[in-house]
Amino acid sequence: MDPKIAALITASGGIGSHFVLHKLQGHKNLVTLTEGAFRSQGGSTKGDLKRYLSQGAMPSFLDEQLFPTKKINSQESKWIILNKPPLKMINYHRTFHPNLPVLYIFRNPVSFYCTWIKKWKEYGDRRYGRRIADKQVFDWFRTTFMSSLFELAQNFDPKRDRIISFEHFFNDIDPELKGICECLEVPVVKNKDLQVLNYCKVCRSDKISTVKITVRGERKEDVLYCYRHGVLLGPGEYNYIRKEDPSFLNKWKNKEDVAEISQKFKKLFGDQLISYYEEEKYLVDTNREEFDVLIKEFLDGLRV
Ligand SMILES: [Zn+2]
1 MDPKIAALIT
11 ASGGIGSHFV
21 LHKLQGHKNL
31 VTLTEGAFRS
41 QGGSTKGDLK
51 RYLSQGAMPS
61 FLDEQLFPTK
71 KINSQESKWI
81 ILNKPPLKMI
91 NYHRTFHPNL
101 PVLYIFRNPV
111 SFYCTWIKKW
121 KEYGDRRYGR
131 RIADKQVFDW
141 FRTTFMSSLF
151 ELAQNFDPKR
161 DRIISFEHFF
171 NDIDPELKGI
181 CECLEVPVVK
191 NKDLQVLNYC
201 KVCRSDKIST
211 VKITVRGERK
221 EDVLYCYRHG
231 VLLGPGEYNY
241 IRKEDPSFLN
251 KWKNKEDVAE
261 ISQKFKKLFG
271 DQLISYYEEE
281 KYLVDTNREE
291 FDVLIKEFLD
301 GLRV
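So the sequence shown is numbered by our numbering: it starts at 1 and just counts up by one.
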């Protein structure tokens, strides 16, 4: 059977989508695409997606997969996962294909917002030589995140779709991988058994080494290195061999005006959901018993 279409969706960047997508690409039954796939001029287009869904005419996706790439075949390839398509596009296709699942990354809104304060500062310094006030970032963030969640809530079906909890995923990847595999009905695979890039993306040589460099202007990290083609990084300077370290998950709590910020977010997301992150409950709520209830209540509240 031809692989089916699923979509990984986020409210905006800065939420580790490529970390999740590369993990999924490491599963032999899943193919994750680049962000331009089904949207770009050079590669597959929106029309190709329509043709695939209606007639089964599959584009080759040769240059439109994340690494390590794989040959798509009807035995092994169960799902093709779109890389952050607009939710509108998915809802459009769901009129004829109601089974198209959405994997939606949800992150603690307060820490997500803090990430964006930093990002907008860097962007302002680099592009405009000035910084915007936190209030402006907050207004932008609230609109972006809330409208995305509003759109998600109207059509969310827990039997078909899956909320990927950012904090759970980064804190302990295996149970979150299991949840995704179960949602997509593919064999459950552990993180250590996922395929990783072990060759040069350009010359395909497996004679590669590592080198220490500064990634994204902040962290010194080991990255893959081909002696002919240099440093091997993925989209958004994704480091294929980044050491996973969940210690950053509660850094937002050190921000000096955190109490004030949290209060703003409690008005939007409810006391309980924000308290869940304040108390770092994802560390103990490992089976997401509490998390899933809170998210369900929140999404139900957005449904009209
Ligand atoms: Zn090379």
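Here a beta-carbon is modelled for each residue, glycine too, at the ideal position from N, C-alpha and C.
Rounded separation between residue i and residue j - CA only
i      : j      : result
Thr69  : Gly270 : 42 angstroms
Glu260 : Lys78  : 46 angstroms
Leu53  : Tyr104 : 21 angstroms
Lys23  : Val293 : 26 angstroms
Lys118 : Val258 : 14 angstroms
Ala133 : Lys46  : 38 angstroms
Nearest to residue i (by Cα), restricted to the options the options
i      : options                          : result
Phe38  : Gln75, Ile295, Pro86 and Arg142  : Pro86
Phe248 : Gln25, Phe112 and Asp48          : Phe112
Arg160 : Gly179, Ile208 and Ser209        : Gly179
Lys76  : Gln154, Leu30, Tyr276 and Gln55  : Residue identity check: residue 76 is Glu in the sequence provided, not Lys. Measuring from the Cα of Glu76, the nearest candidate turns out to be Leu30.
Ile164 : Thr10, Gln263, Pro3 and Ile5     : Thr10
Asp336 : Lys88, Leu232, Asn155 and Ile132 : Residue numbering for the chain in the displayed model covers 1 to 304; residue 336 lies beyond these limits and cannot be assessed.
Thr214 : Asn191, Asn239 and Gly42         : Asn239
Phe51  : Phe96, Thr32, Asp63 and Pro158   : Correcting the residue type first, residue 51 is Arg in the shown sequence and not Phe. Considering only alpha carbons, the answer is Phe96.
Trp140 : Arg127, Trp120, Tyr128 and Asp48 : Trp120
Gln263 : Tyr282, Phe138 and Glu244        : Phe138
Lys192 : Lys243, Tyr227 and Phe156        : Lys243
Glu237 : Phe265, Arg216 and Val20         : Arg216
Cβ shell of residue i (< 7 angstroms), same chain only, five flanking positions each side left out
i      : result
Cys114 : Trp252 and Lys255
Val189 : His27, Leu177 and Cys181
Any non-hydrogen atom of ligand 1 within 7 angstroms of residue i CB
i      : result
Cys226 : yes
Val202 : yes
Ser44  : no
Ser60  : no
Ser205 : yes
His18  : no
His229 : yes
Cβ neighbours of residue i in the same chain (closer than 8 angstroms, five flanking residues each side left out)
i      : result
His229 : Cys200, Lys201, Val202 and Cys203
Thr210 : Asp222, Val223, Leu224, Tyr225 and Ile241
Arg130 : Gly124
Same chain, Cβ closer than 6 angstroms to residue i, neighbours up to 5 away in sequence not counted
i      : result
Gln195 : Gly26 and Pro68
Phe169 : Glu176
Integer-rounded CB distance, given that residue j should sit under 8 angstroms from residue i
i      : j     : result
Pro175 : Thr34 : In fact, because the Cβ distance is near 28 angstroms, the residues do not count as touching under 8 angstroms.
Leu184 : Ala6  : 7 angstroms
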